[in-house]
């Protein structure tokens, strides 16, 4: 029996597909990702199952819809991808710095090594000393660890473990606001950390006050972040290759959701189901390699069942297997993919969407009655009866799933987590 493949999952926070040069963007923001995708399977119509991290990231690691996690209930969901792989003999490691994906919310489940860049993870005295140095001596109030630091930690872990299959998950916050890239490629001036935070906060709190110049500066700074992260990911892939961990591995590169820059009068990633927030890059290199371009609609909820299948691990999940070992798996061009999200300020409703890659149908439904309260259609089909039928069935099943969550099982967070969430625009 062949050795199970290493599985490398690289996810980027807040990277929208139409700012990736390999997907048609007019700026060369992602040369390294494009080069990797040219020798892999590129999915041109990949969608996130929600529009913000708390509901979009869990499906990536579980293959289950967001309704299983509403209210930070990741720890209530059994049989996650890392736990499934760990039970099958995989060594599992995760490296990131998003507070909503931290151990406080149960994301360390199934991981042998889990580094979420929180001071609470380390010796308390040393952590407090380092925090004071960062703030008062170096004037460096970092809200997340950049890719370079994530990669150092991930490679150190890889270099120190035993032989055998590995599941590695890196999640990158570099592209998430405040946009303050280490190098400028497109912005006409470099922002200080304070200026970047002030502008980002203005964009999410007072979007109507953003000037045309500020809007362009936000876009340029976002693209700078993408270009800098792309270089780091390229270097990381080279480092994996040097260690012999790339050729026979399953490598997946994607994003949890997108971002908006003034579209619909909004910025960052509000709880709306728009194409700019749902359409994300997805590149998959199966063990041994394969080259293909897939135009059929897919979802990032498909990553977990696909990884499980290629690892030879049984998993009964709602997502689809979207690749086999040679990348030749045929997918239906007529497939419908779904998304959902809870509104920011109304606990009596839930938003749902479905797309076939051409038309996006969005509905807002009453949680108690499942009645349609609002409906919007955008795209080529002004009366999408097939989409409407499939969305009705999807909404019915998802609202039933909401009723199985224990609302009392909420995580306990720390002041550090709360302050980071606020700085990143989550609070």
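Numbering (my numbering), first residue to last: 244 to 670. For glycine and all other residues, C-beta sits at the position ideal for the given N, C-alpha and C.
Margin query: Quick check on this structure: which residue in 417, 410 and 403 has the alpha carbon closest to the alpha carbon of residue 392?
Written below: Indexing the chain shown from 1 puts residue 392 at position 149. Here the closest residue by C-alpha is 417.
Note to self: At the level of alpha carbons, what is the spacing between residue 307 and residue 431?
What the structure shows: Taking the chain shown and counting its residues from 1, one reaches residue 307 at position 64. Taking the chain shown and counting its residues from 1, one reaches residue 431 at position 188. Distance from the CA of residue 307 to the CA of residue 431, rounded to the nearest whole angstrom, comes to 43 Å.
Next item on the list: Pick helix, strand or coil for residue 338, following the three-state DSSP scheme.
Entry: Within the chain shown, residue 338 is the residue found at index 95, counting from 1. Strand, per DSSP.
Checklist line | Unbroken beta strand (DSSP E) run spanning residue 606, endpoints | finding: Taking the chain shown and counting its residues from 1, one reaches residue 606 at position 363. Taken as a continuous stretch (DSSP letters only), the beta strand (DSSP E) holding residue 606 covers 602-609.
Checklist line | Rounded Cβ spacing between residue 348 and residue 598 (contact assumed at less than 8 Å) | finding: Taking the chain shown and counting its residues from 1, the one referred to as residue 348 is at position 105. Taking the chain shown and counting its residues from 1, the one referred to as residue 598 is at position 355. About 29 Å; that fails the 8 Å criterion.
Note to self: Quick check: the region 489-507 against the region 282-301, are at least 3 beta-carbon pairs closer than 8 Å?
What the structure shows: Contact between the region 282-301 and the region 489-507 is present, because at least three Cβ pairs lie under 8 Å.
Notebook entry, point to check: What residue from 413, 280 and 607 has the CA that sits closest to residue 340's CA?
Noted result: As a first step, residue 340 must be located in the chain shown, where it is residue number 97. Checked all of 413, 280 and 607; the closest Cα to residue 340 is 413.
Item checked: Test item: CB-CB of residue 259 and residue 466 under 8 Å -> Working through the chain shown from its first residue, we reach residue 259 at position 16. Working through the chain shown from its first residue, we reach residue 466 at position 223. No; because the gap between Cβ atoms is not below 8 Å, this pair is not in contact.
Next item on the list: With a threshold of 16 other CB atoms inside 10 Å of the CB of residue 273, please say whether the residue is buried or exposed.
Entry: Counting from 1 along the chain shown, the entry for residue 273 is found at position 30. By the Cβ-count criterion, residue 273 is buried, with 16 or more other Cβ atoms from all chains shown falling within 10 Å of its own Cβ.
Check: Helix, strand or coil: how does DSSP classify residue 578 here?
Finding: One-based indexing of the chain shown puts residue 578 at position 335. If DSSP states are grouped into helix, strand and coil, residue 578 belongs with coil.
Next item on the list: Compute the Euclidean distance between the alpha carbons of residue 549 and residue 267, then round it to the nearest angstrom.
Entry: By one-based count along the chain shown, residue 549 stands at place 306. By one-based count along the chain shown, residue 267 stands at place 24. Across the structure, residue 549 and residue 267 are spaced so that their CA atoms are roughly 26 Å apart.
Check: Quick one: complete alpha helix (DSSP H) runs, 4+ long, within the region 428-452?
Finding: 436-448
Next item on the list: Give the C-beta separation of residue 344 and residue 296 to the nearest angstrom, bearing in mind that I take them to be a contact with Cβ-Cβ under 8 Å.
Entry: Counting from 1 along the chain shown, the entry for residue 344 is found at position 101. Counting from 1 along the chain shown, the entry for residue 296 is found at position 53. Rounded, the Cβ-Cβ distance is 7 Å, consistent with contact.
Notebook entry, point to check: Residue range of the beta strand (DSSP E) that residue 354 falls in?
Noted result: The sequence position of residue 354 within the chain shown is 111, counting from 1. Segment: none, residue 354 is in no beta strand (DSSP E) and carries neither H nor E.
Notebook entry, point to check: From residue 671 to residue 278, what distance separates their C-alpha atoms?
Noted result: In the structure displayed, the chain extends from 244 to 670; residue 671 sits before or after that span and is not available.
Margin query: Mapping the DSSP letters down to three states, classify residue 364 as helix, strand or coil.
Written below: The count along the chain shown starts at 1 and reaches residue 364 at position 121. Because the pLDDT at residue 364 is just 46, under 50, the model does not fix this residue reliably, and the value given afterwards should be weighed accordingly. Helix at residue 364.
Note to self: Tell me the residue span of the beta strand (DSSP E) that contains residue 622.
What the structure shows: Residue 622 sits at position 379 when you count from the first residue of the chain shown. Taken as a continuous stretch (DSSP letters only), the beta strand (DSSP E) holding residue 622 covers 615-622.
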